[in-house]
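A.B. asks: If you scroll down you'll find the structure; I have some questions about it.
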Amino acid sequence: MTEKFDKDVDEILKILGEDADRKEIEKDLKGYIDEFRLSAGEAKKLVLRKHGVSVGGSSEAIQKPIKELTPMDKNVNLLCRIVFVTEKTIKTDGKEKPIISGIIGDESGTVPFTHWEKGDLSLSKGDVVRIEHAYITEYREEPQVNIGNRGKVVKLDKSEMPEFKGNGFRPARPCKIIDVGESTGNLTVVARILNMEIREVTVSGEKKEVMSGIIADETGKISFTCWGTSKIKEGDVVRVNSGYLRKWRGMPQLNFDAANVEKVKEDMPDMVSLQKPNTVTVEYLSRIGGMVDASIDGVILDVREGSGLVFRCPDCNRVLQKNICRVHAEVTGIPDLRIKAIVDDGSGAINVIMNRDITERLLGKSLDKCMKEAKKAMDQGIIKDQLFQKLVAMPARVTGNVTSDDFGLMLIATSTDFLKSEPQEAARKMLEEVST
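Numbered as in our numbering, the sequence shown ends at 449 without a single skipped number.
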């Protein structure tokens, strides 16, 4: 606990008395401020309430419908149905902590939620629950429900709330694909299905059929999962109602129920046109957290260590370090070429991985030739040096799927092309500005 919190802790201790544990107070206060992103004032109130001291306002929670939630609500009860749910692990104070997040809905609308104190609770899509003592925060100008250590989630019989129909929510927001990643739930999207497959998954021990693939409009593409089966097929233009967003393998994904998708007759570019990549900025990708088949026009700022001639484990394909695989120990490696670059488009920088085919084309030589040169020089690092000299400060267009994780954005390139439209001098100037 830093000194700036000492005054707050002292104020709490004055109210609670000498018997209160200072370390426990510090831990609770830090948790509310750092983990739940509460103000110091709100955090102090919650610490005092935890120790039985009521501070300002009523301790009674207010029952509200979802559409009436605002960031001013700090103690609300909700009767709702789980629209989507996922479990994940976060790190706090150096320790791993399981949490539950997803989307809940009632007859008035939908809203994202996070349960920060999961415990033994297990939730499934379709569960009807009563959420008690939740507090509301705001993200991208939309409310989010938070359940902390004061909160409680009680499972109810599903008859307590009727199954939602597509038109049971408040009017959904019409969305273009390019805007979906910055939204949360209750979306309406009109797009064309580029590809699709039907597969069987097991959810809470129950086998279900889902349809998944890629849909697109003139602004972009996004992967989708449709729960249940529908008569829609590849090439159809469809309207998705009551869609909601989740993250899957580091990329935004649109989810919806089969009952909420229908084939429509609306103007939409043809399949060939929609297959083309969409050019976006790194800043936009940072906001939405990833994208299918994105193109970025920028300057190659760096060719990082681990680029050039590498050797991979024959069993797991990991890159070896001095013939050692971190999983399979010492092995005889398989040679490969790759580029680990950083590309800056003026709005931000992104890590880019390029495979052997792209590396050979940009370098102008084959893997076999690179092997011979490295063997002659007795230094495989010369290939990385050649790439650095050839690529750094070059304007380029990189295209591929963009994912995000704790380390930032990464684009796995399907193509890389040098750009002729931007003068070389301008590219070098950008590099100098970033380096200073």
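By construction, the Cβ of each residue, glycine as well, lies at the ideal position given by its N, Cα and C atoms.
1) By the 10 Å Cβ neighbour count, where 16 or more other Cβ atoms means buried, how is residue 416 classified, buried or exposed?
2) Tell me whether residue 336 sits in a helix, a strand or coil according to DSSP, three-state version.
3) In whole angstroms, give me the CA-to-CA distance for residue 33 and residue 23.
4) What does DSSP give as the partner residue(s) for residue 146 in the beta ladder?
5) Please give the ranges of any alpha helix (DSSP H) in the region 366-396, keeping only runs that are unbroken, at least 4 residues long and fully inside the region.
6) Tell me the residue span of the beta strand (DSSP E) that contains residue 257.
7) Which residues mark the beginning and the end of the beta strand (DSSP E) in which residue 331 is found?
8) So which of 274, 233, 229, 255 has the shortest CA-CA distance to residue 242?
9) Please confirm if the region 316-334 is in contact with the region 349-363, defined as three or more CB-CB distances below 8 Å between the two stretches.
10) From residue 264 to residue 236, what does the alpha carbon distance come to, in whole angstroms?
11) Take the Cβ of residue 105 as the centre, count every other Cβ of all protein chains shown within 10 Å, and call the residue buried at 16 or more, exposed below.
12) Rounded to whole angstroms, what's the CA-CA distance from residue 431 to residue 128? Just pull it up for me.
13) What's the gap between the Cα of residue 145 and the Cα of residue 73?
14) Assign residue 429 to one of two classes, buried (16 or more other C-beta atoms within 10 Å of its C-beta) or exposed (fewer than that).
15) Quick one: is residue 230 buried, meaning 16 or more other Cβ sit within 10 Å of its Cβ, or exposed?
16) Per DSSP, which residues does residue 290 bridge with? Please list them.
17) Please list, in chain order, all residues of the same chain as residue 282 whose beta carbon is under 7 Å from its beta carbon, the five residues on each side excluded.
18) Is residue 83 buried or exposed, if buried means 16 or more other CB atoms sit within 10 Å of its CB?
19) Smallest Cα separation from residue 296: which of 212, 284, 309?
20) Under three-state DSSP, which class holds residue 24?
21) Would you mind giving the Cβ-Cβ distance between residue 422 and residue 363, rounded to the nearest angstrom? I have them listed as a contact below 8 Å.
22) Return yes when the Cβ of residue 53 is within less than 8 Å of the Cβ of residue 19, no when it is not.
23) Would you kindly work out how many angstroms separate the C-alpha atoms of residue 250 and residue 426, rounded to a whole number?
C.D. replies: Considering the structure as presented:
1) Translated into positions along the sequence shown, residue 416 becomes position 403. Classification for residue 416: buried.
2) Counted from its first residue, the sequence shown places residue 336 at position 323. In the structure shown, residue 336 sits in coil (DSSP, three-state: anything other than H, G, I, E or B).
3) For the purposes of this step, residue 33 is taken as the residue at position 20 of the sequence shown. For the purposes of this step, residue 23 is taken as the residue at position 10 of the sequence shown. Taking the straight line from one Cα to the other gives about 11 Å.
4) Sequence index remark: in the sequence shown, residue 146 carries index 133 (1-based). For residue 146, which the question treats as bridged, DSSP gives no partner whatsoever.
5) 369-376, 380-390
6) The residue labelled residue 257 in the question sits at position 244 within the sequence shown. Per DSSP, residue 257 belongs to the beta strand (DSSP E) from 250-261.
7) The residue you call residue 331 lines up with position 318 of the sequence shown. Unbroken run through residue 331: none, as it is neither H nor E.
8) Here the question's residue 242 lines up with position 229 in the sequence shown. Cα-wise, what sits closest to residue 242 is 274.
9) yes
10) Numbered from its first residue, the sequence shown carries residue 264 at position 251. Numbered from its first residue, the sequence shown carries residue 236 at position 223. Whole-angstrom Cα-Cα distance: 8 Å.
11) Locating residue 105 in the sequence shown gives position 92, counting from the first residue. Result: exposed.
12) For the purposes of this step, residue 431 is taken as the residue at position 418 of the sequence shown. For the purposes of this step, residue 128 is taken as the residue at position 115 of the sequence shown. So the alpha carbons of these two residues sit roughly 47 Å apart.
13) Position 132 of the sequence shown, counted from the first residue, corresponds to residue 145. Position 60 of the sequence shown, counted from the first residue, corresponds to residue 73. Rounded to whole angstroms, residue 145 to residue 73 spans 10 Å at the Cα level.
14) To locate residue 429, count along the sequence shown from 1; it is residue 416. So residue 429 ends up on the buried side.
15) To locate residue 230, count along the sequence shown from 1; it is residue 217. With 16 or more Cβ atoms within 10 Å of its Cβ, residue 230 is classed as buried.
16) Locating residue 290 in the sequence shown gives position 277, where the first residue counts as 1. Per DSSP, none; premise fails for residue 290.
17) Counted from its first residue, the sequence shown places residue 282 at position 269. Only 231 meet the Cβ criterion.
18) For the purposes of this step, residue 83 is taken as the residue at position 70 of the sequence shown. Per the 10 Å Cβ criterion, exposed.
19) Position 283 of the sequence shown holds residue 296. Answer by Cα proximity: 309.
20) In the sequence shown, the residue the question calls residue 24 occupies position 11. Correct three-state label for residue 24: helix.
21) Within the sequence shown, numbered from 1, the residue matching residue 422 stands at position 409. Within the sequence shown, numbered from 1, the residue matching residue 363 stands at position 350. The Cβ separation is near 5 Å, so the contact holds.
22) As a first step, residue 19 must be located in the sequence shown, where it is residue number 6. As a first step, residue 53 must be located in the sequence shown, where it is residue number 40. Not a contact, by the Cβ cut-off of 8 Å.
23) Position 237 of the sequence shown, counted from the first residue, corresponds to residue 250. Position 413 of the sequence shown, counted from the first residue, corresponds to residue 426. Distance between the alpha carbons of residue 250 and residue 426: 28 Å.
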